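Residue numbers (my numbering): 444 to 531.
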Amino acid sequence: MRIENGENAGLESLKSLASVFEINIKDSDKKEDIEQIRKEESYIQNLKGFYKLFTIAILSLVLPFIVALNDSENWNFFYGYCCLGELY
């Protein structure tokens with residue numbers, strides 16, 4: 444009844460269904476699933492961190508470029524910031 448309502452099935456229900464469909468189930472699948480979920484969450488956090496740093500790097504190049512476009516005297520500032528790694 445719980446399965447029909449969309450709730451989680453108990454172990455006995457899973458075993459019964461497995462025997463009807465002639466498949467094997469493991470009791471340790473949940474531990475493996477939890478470990479896989481943790482690995483995926485860690486990967487996603489690392490990916491988010493990469494994109495945050497990537498965004499900061501792009502903005503640190505784009506903002507001085509915009510400033511340099513607005514006033515031609517600022518090209519020295521952009522060149523020094525971008526290529527030499529230091530400010531004039």
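Even for Gly, the Cβ is constructed at its ideal location relative to N, Cα and C. Source: prediction; values computed, not measured.
Handout entry: The alpha helix (DSSP H) enclosing A452, as first and last residue numbers
Key = Note, A452: premise wrong, no alpha helix (DSSP H); not H, not E.
Exercise for the section: Determine the direct distance from the alpha carbon of S503 to that of G492, and round the result to whole angstroms. Expected result: 17 angstroms
Problem - Reference I468, options E475, E478, N448, L457, closest by Cα - result: L457
Practice task
At 3 residues or longer, and completely inside the segment 464-489: list those beta strand (DSSP E) runs for me, N to C.
Solution key: none
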